[in-house]
Amino acid sequence: MKNTSTSKVEIRKNIATYLVLTLLFCLPVYYMCIRTGKLGGGIISYATIVMWCPAIAALLTCRLRNIPISSLGWKWGETKYQLLAYGIPLLYSLVPYLIIWISGAGHFYHQEFVTDMAKGMGWNLPDVWAIPLYILLMSSFGMVRSVGSALGEEIGWRGLLTPQLAKINSYTATSLWMGVIWSLYHYPLLLFSNYNTGGPKWLALTCFTVMIMASCFIFTWIRLKSGSLWTAAIFHASHNLFIQSIFTPLTADTGTTNYYIDEFGIALPIATVIVAYFFWRKRKELPEQKI
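In our numbering, the protein residues as written are 11 to 301.
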């Protein structure tokens, strides 16, 4: 008979090893972001570097703790879950932005952004054509670049950490732990660099934390249900793409818009909590995570 207590101890050691390594790899990047006050660093993006720290930590943890790299969830899985992963962020971001635009909390569209975007693309098109063409290209080919960044985090967070936590915790507890850890990972960037939309820090911190905590219920469900880290990578990439590269840039400020838009305003966390509750209700559909 398997010694469950020993197995749980080993899993906790796996988790602790991963978290310590992630912190050690992130610290130098945090330092540079705090020192410069920026996520970018000339031709080097600190954001990209810090997003790949979890992946490096995960691979090293596998090496040190004799965890098979194949256990991280490299198989594609069922395509329906990949499509779900792409569509969920579109749903919970599009609805709040439509409400913001219709209510006047933000204006559609940002003329200066559209003009600069079209000029940069070499387009001589009216806005009525340039905007949908931009959205089409970003939501398709733009996903390739977005997945490239998101994959770095997801190899660690959902490839290694989520399954390890799920072996010794319930779905709810796993999601909450992931929400706390993932929030803390972002805090140095949010508090001490330009990783926000310019609103009050307290509001940005509150809204971002609620959104992250809620999204982890979705991430955990789709990762455990599909058995594939690619669902998490696509989910993460889709979230970043639609919010950071499409809806927020297309929204013009009407005075208090920063209080409502992006990951740091009040609209997105509300929508994410609603969607997260739907997945929490479906928690009994998840397969049992064996130690």
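Ideal Cβ positions, reconstructed from N, Cα and C, are used throughout, including at glycine.
Being a predicted model, the structure only gives us computed values, none of them experimental.
Residue i, enclosing alpha helix (DSSP H) - first and last residue
i       : result
Leu-71  : Contrary to the premise, residue 71 reads as Thr rather than Leu in this sequence. Looking at the DSSP string, the run of the alpha helix (DSSP H) that includes Thr-71 is 56 to 75.
Gln-174 : 172 to 178
Ile-228 : 211 to 236
Ser-248 : 239 to 250
Pro-198 : 181 to 202
Glu-298 : Here Glu-298 belongs to no alpha helix (DSSP H), and DSSP marks it neither H nor E.
Lys-129 : 121 to 131
Trp-139 : 137 to 150
Gly-280 : A small correction: the amino acid at residue 280 is Ile; Gly does not occupy that position in the sequence shown. Looking at the DSSP string, the run of the alpha helix (DSSP H) that includes Ile-280 is 277 to 291.
Spatial distance of residue i from residue j (CA atoms)
i       : j       : result
Leu-70  : Tyr-102 : 35 Å
Arg-291 : His-249 : 22 Å
Ile-301 : Ser-17  : 7 Å
Ser-236 : Phe-35  : 29 Å
Arg-155 : Met-148 : 10 Å
Gly-47  : Asn-204 : 6 Å
Pro-142 : Val-285 : 26 Å
Pro-198 : Thr-58  : 15 Å
Tyr-144 : Arg-22  : 46 Å
Leu-93  : Trp-86  : 12 Å
Tyr-119 : Thr-125 : 11 Å
Phe-257 : Thr-89  : 26 Å
Thr-207 : Phe-245 : 22 Å
Trp-139 : Thr-219 : 37 Å
Tyr-269 : Leu-108 : 15 Å
Gly-130 : Ser-255 : 15 Å
Pro-99  : Ile-77  : 31 Å
Ala-128 : Tyr-91  : 34 Å
Ser-150 : Ala-95  : 14 Å
Ala-262 : Leu-146 : 20 Å
Leu-278 : Glu-295 : 26 Å
Ala-302 : Pro-259 : Past the edges of the chain, shown from 11 to 301, lies residue 302, and the structure says nothing about it.
Gln-299 : Ser-81  : 12 Å
Met-221 : Tyr-287 : 12 Å
His-196 : Gln-121 : 31 Å
Ile-79  : Gly-265 : 50 Å
Val-19  : Ile-178 : 10 Å
Trp-187 : Pro-106 : 27 Å
Asn-24  : Leu-33  : 14 Å
Tyr-28  : Ile-276 : 32 Å
Phe-289 : Leu-37  : 34 Å
Thr-241 : Met-223 : 18 Å
Ile-253 : Pro-297 : 31 Å
Those residues which DSSP pairs with residue i across a bridge
i       : result
Gly-116 : Asp-263
Gly-50  : Ser-55
Beta-carbon proximity of residue i to residue j, cut-off 7 Å
i       : j       : result
Gly-50  : Ser-238 : no
Ala-68  : Leu-161 : no
Ile-280 : Gly-116 : no
Leu-251 : Gly-152 : yes
Arg-73  : Tyr-181 : no
Met-42  : Ser-159 : no
Ala-247 : Val-157 : yes
Thr-172 : Arg-75  : no
Thr-184 : Leu-170 : no
Ser-225 : Thr-267 : no
Gly-209 : Phe-123 : no
Tyr-56  : Val-39  : yes
Ile-54  : Phe-202 : no
Exercise for the section: Check whether the stretch 158 to 174 touches the stretch 97 to 116, taking contact to mean three or more Cβ pairs, one atom from each stretch, closer than 8 Å. Expected result: Cβ pair count under 8 Å is below three, so no.
Practice task
Give a yes or no on contact between the stretch 180 to 195 and the stretch 226 to 233, applying the rule of three or more CB pairs nearer than 8 Å.
Solution key: Cβ pair count under 8 Å is three or more, so yes.
Practice task
Report yes or no: do the stretch 207 to 220 and the stretch 135 to 143 share at least 3 C-beta pairs separated by less than 8 Å?
Solution key: No, the stretch 207 to 220 does not touch the stretch 135 to 143.
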